[in-house]
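Participant: The structure's right below; bear with me while I get my questions together.
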Amino acid sequence: MNAALCQLQREIASSLQGLDPSQTQLCPASIPGKWSIQQIIEHLLLTYSSTETAINARLAKRAPTRAQSTLQQRIFQYAVTRCGYFPTGREAPPMVAPQPITHPLSGEDLSYAAAEHLSHLDLLLNEAETLFGRSAQFASHAILGPLNIDQWRMFQLVHGRHHLKQIAVVRKTHNL
672 MNAALCQLQR EIASSLQGLD PSQTQLCPAS IPGKWSIQQI IEHLLLTYSS
722 TETAINARLA KRAPTRAQST LQQRIFQYAV TRCGYFPTGR EAPPMVAPQP
772 ITHPLSGEDL SYAAAEHLSH LDLLLNEAET LFGRSAQFAS HAILGPLNID
822 QWRMFQLVHG RHHLKQIAVV RKTHNL
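Residue numbers (my numbering): 672 to 847.
Set out below in structure tokens:
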């Protein structure tokens, strides 16, 4: 697996280590209405599925996107994929917003689900790299616009770390 995705997988596993299904339902104590640990991970899983769909569409067409990045997208791309900055306070698009939890899962189960998605995502990115090359902006992100292979990988790492900080806050406020 690519180093960035492997690192993300390790960080997710570490952040969820030792959590039982009741603990993954905890939210930040001081901020009502925020996502639980499980909802944060489910949001990440939804983003992985969304990325997989975008990549599969490009692979099926056997052609990279023709979309061109706007100046604003290029600035955001640079901030996220080069500087590791992920803006806070932005609401998740509905397609990647987690639903209320009906089946609580342990940290181990959530970690396994993330590892499965990241492994599949890595395979798709490798296939896309073989077909389109490493530098081709082959598939578009809803906010960042067209990204190349390394940008997609870095986006996943930076976005994941953004949410892992939220999990760390929940763990700290609940002494986990």
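Idealized CB from N, CA, C, for every residue including glycine.
1) How would you write the range of the alpha helix (DSSP H) that Gly-816 sits in, first residue to last?
2) Can you give, in chain order, each stretch of the alpha helix (DSSP H) that sits fully within the segment 675 to 747 and has at least 4 residues?
3) Tell me the rounded alpha-carbon separation between Pro-758 and Ala-750.
4) Between the C-alpha atoms of Ser-782 and Trp-706, what's the straight-line distance to the nearest angstrom?
5) Am I right that Leu-717 and Pro-769 are in contact with their C-beta atoms under 8 Å? What's the rounded C-beta distance?
6) Between the alpha carbons of Arg-832 and Ser-693, how many angstroms are there, rounded?
7) On the premise that Ala-807 lies in contact with Asn-797, defined as a C-beta separation below 8 Å, what is that separation, rounded to the nearest angstrom?
8) Under a Cβ-count criterion, where at least 16 other Cβ atoms within 10 Å of its own Cβ denotes burial, should Pro-771 be classed as buried or exposed?
9) Three or more beta-carbon pairs under 8 Å between the segment 800 to 814 and the segment 774 to 781, yes or no?
10) As an exercise, report each continuous alpha helix (DSSP H) stretch of at least 4 residues that is fully enclosed by the segment 747 to 805, in chain order.
11) Give a yes or no on contact between the segment 721 to 734 and the segment 679 to 692, applying the rule of three or more CB pairs nearer than 8 Å.
12) Alpha carbon to alpha carbon, how far is Asn-673 from Phe-809?
13) Quick check: what's the CA-CA separation for Ala-725 versus Asp-793?
14) So does Thr-741 have its beta carbon nearer than 6 Å to some heavy atom of the ligand COA?
15) List the whole-angstrom C-beta distance separating Ile-711 from His-834, where the pair is believed to meet the contact cut-off of C-beta under 8 Å.
16) Starting from Ala-810 and walking both ways along the beta strand (DSSP E), at which residues does that stretch end?
Facilitator: Working from what's here:
1) Counted from its first residue, the sequence shown places residue 816 at position 145. Counting along the chain, Gly-816 falls outside any alpha helix (DSSP H), though it belongs to the beta strand (DSSP E) covering 816 to 818.
2) 708 to 732
3) Translated into the one-based positions of the sequence shown, residue 758 becomes position 87. Translated into the one-based positions of the sequence shown, residue 750 becomes position 79. Spanning the two alpha carbons is a distance of roughly 9 Å.
4) Locating residue 782 in the sequence shown gives position 111, where the first residue counts as 1. Locating residue 706 in the sequence shown gives position 35, where the first residue counts as 1. Distance between the alpha carbons of Ser-782 and Trp-706: 17 Å.
5) Within the sequence shown, residue 717 is the residue found at index 46, counting from 1. Within the sequence shown, residue 769 is the residue found at index 98, counting from 1. Yes, they are in contact, since the Cβ atoms of Leu-717 and Pro-769 sit about 7 Å apart, within 8 Å.
6) Taking the sequence shown and counting its residues from 1, the one referred to as residue 832 is at position 161. Taking the sequence shown and counting its residues from 1, the one referred to as residue 693 is at position 22. Taking the straight line from one Cα to the other gives about 23 Å.
7) The sequence position of residue 797 within the sequence shown is 126, counting from 1. The sequence position of residue 807 within the sequence shown is 136, counting from 1. About 14 Å; that fails the 8 Å criterion.
8) Within the sequence shown, residue 771 is the residue found at index 100, counting from 1. Burial call: exposed.
9) no
10) 778 to 803
11) no
12) Indexing the sequence shown from 1 puts residue 673 at position 2. Indexing the sequence shown from 1 puts residue 809 at position 138. Spanning the two alpha carbons is a distance of roughly 18 Å.
13) Numbered from its first residue, the sequence shown carries residue 725 at position 54. Numbered from its first residue, the sequence shown carries residue 793 at position 122. If I take the Cα positions, the gap works out to 14 Å.
14) Questions concerning the ligand COA fall outside what the structure shown contains, since it holds no ligand whatsoever.
15) Against the sequence shown, residue 711 aligns to sequence position 40. Against the sequence shown, residue 834 aligns to sequence position 163. That belief holds up - the Cβ atoms of Ile-711 and His-834 are roughly 5 Å apart, short of 8 Å.
16) Here residue 810 corresponds to residue number 139 of the sequence shown, with the count starting at 1. Taken as a continuous stretch (DSSP letters only), the beta strand (DSSP E) holding Ala-810 covers 810 to 812.
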